[in-house]
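Numbered according to the working numbering, the sequence shown spans residues 81 to 345. Note that the Cβ used here is the ideal one computed from N, Cα and C, for glycine as well.
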Amino acid sequence: MADLTFRHLAGAVGEGVYKNSHSGFTVPYFKKKEIESRYPSGGYMVVGQIGKGKREIGNLLSDDGNSEKVYAATKMPHSAVVGYIEVEADKFIAIVRDRLLLWLLFALLIAALIIGLIFLLKAVIPTGGGSGETTAPAGVIDQNAVLGEGELSIPDKTNTKGRQIKVNGIPELTLAANTKEQDFVFSNPEENPCYFVIEIELSNSGEVIYTSNLLPPGYSISHFTLNRELAAGTYPAVIHVKTYSFDKEQRKLNNMDLKTTIVVS
């Protein structure tokens with residue numbers, strides 16, 4: 081049974097103002113940072129709370145005679161104390177606000193950001209693996225890809241499930257200094273069920289200095305053009321071998337990275 085009456089302590093004016101638009105109840109209160117500054121070592125008592133509670137213990141009277149229900153001071157889920165109303169010297173009634181809606185809105189915002197990021201990544205990064213999902217065509221046959229004799233016949237569909245992809249290691253890549261035009265053989269073994277795309281990245285800077293177009297199985301590139309000239313020296317690098325199904329769908333398959341040293345002379 082509610083039988084306690086609390087009154088706002090005259091002269092206790094903080095930075096905040098609590099208002100209940102339904103009842104017209106208005107009273108000044110101290111914000112949490114004010115209480116922390118005023119009682120750095122504690123020494124105050126919370127005798128009840130308003131705004132949210134489980135067990136009603138009385139009423140709080142404002143200076144204009146309006147009243148607000150007071151509940152027993154209790155920690156409650158999805159709620160937070162925003163300030164304190166002084167009713168006696170060093171005795172306060174806490175103002176409790178429900179934070180569930182705010183937390184739900186925050187969770188929805190985070191979820192929306194994550195979903196947006198996933199769609200963005202899917203838009204700019206092709207999915208890997210041999211799942212058989214069709215992606216946008218990776219490109220056209222590289223103009224420098226050569227077989228020797230014969231005409232390239234591209235199937236409509238290649239079954240890549242369980243197929244092994246063979247990649248020849250390149251422990252050292254020798255290039256010519258101060259020219260973009262280079263001669264080095266990159267090969268795609270004939271037994272592979274996929275195209276290769278060759279990408280050369282400098283390890284120290286992350287700069288990509290060459291990217292080929294599609295290299296079919298059984299073909300090689302022996303002459304290519306760098307994005308820029310390189311000065312004489314040695315450069316740690318990674319050769320990214322990106323693979324796409326050897327058919328008209330050009331599905332994204334597994335990628336392989338070959339660590340190498342570029343020797344420019």
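Query                                                                                                                           : Result
Bridge partners - S159, DSSP secondary structure assignment                                                                     : D178
Proximity to G96 [Cα-Cα], best of V161, S147 and T254                                                                           : V161
N- and C-terminal bounds of the beta strand (DSSP E) containing E261                                                            : E261 to S267
Close-in-space but distant-in-sequence residues of the same chain around N335 (CB under 8 Å, 5 per side omitted)                : G208, H320, V321, K322 and T323
Cβ pair E131, A152 closer than 8 Å                                                                                              : In the sequence as displayed, the identity of residue 131 is Gly instead of Glu. No, the pair does not count as a contact, with Cβ atoms beyond the cut-off.
DSSP state of S117 mapped onto helix, strand, coil                                                                              : helix
Distance, G313 Cα to Q244 Cα                                                                                                    : 36 Å
Contact between the stretch 245-256 and the stretch 324-331 (3+ Cβ pairs under 8 Å)                                             : no
Segments of 3+ residues assigned as beta strand (DSSP E) that fall wholly inside the stretch 88-112                             : 96-100 and 105-111
Integer Cβ distance of F110 from V167, believed to fall under 8 Å                                                               : Not a contact, Cβ separation roughly 12 Å.
Nonlocal neighbours in the same chain, by C-beta distance under 7 Å from S117, ignoring five residues either side               : none
Beta-ladder partner(s) of N139, from DSSP                                                                                       : T85 and K149
Cβ-Cβ separation, V344 to A225 (assumed contact under 8 Å), whole Å                                                             : About 24 Å; that fails the 8 Å criterion.
In DSSP terms, what D337 is bridged to                                                                                          : H320
Distance between beta carbons of I342 and L255, contact taken as under 8 Å                                                      : 6 Å
Rounded C-alpha distance that separates E148 from L197                                                                          : 46 Å
As assigned by DSSP and simplified to three states, the class of I250                                                           : coil
Length of the line joining the Cα atoms of P269 and S285                                                                        : 30 Å
Contacts around K237, its chain only, beta-carbon distance under 6 Å, and the 5 residues preceding and following it disregarded : D327
Cross-strand partners of I130 (DSSP beta bridge)                                                                                : I175
Beta bridge counterpart(s) of F304 as assigned by DSSP                                                                          : Q262
6 Å Cβ shell around I115 - same chain, five flanking residues per side excluded                                                 : Y164
Environment of A174 [buried if 16+ CB atoms lie within 10 Å]                                                                    : buried
Residue environment, E229, which counts as buried when at least 16 other CB atoms sit within 10 Å                               : Because E229 sits at a pLDDT of 48, beneath the cut-off of 50, its placement in the model cannot be relied upon, and the point is left open.
Per DSSP, cross-strand counterpart(s) of V220                                                                                   : According to DSSP, V220 bridges with nothing at all.
Backbone CA spacing between T305 and L193 [nearest angstrom]                                                                    : 41 Å
CB of V265 within 8 Å of CB of S292, strictly                                                                                   : no
Reduced DSSP category for A225 - H, G, I as helix; E, B as strand; rest coil                                                    : strand
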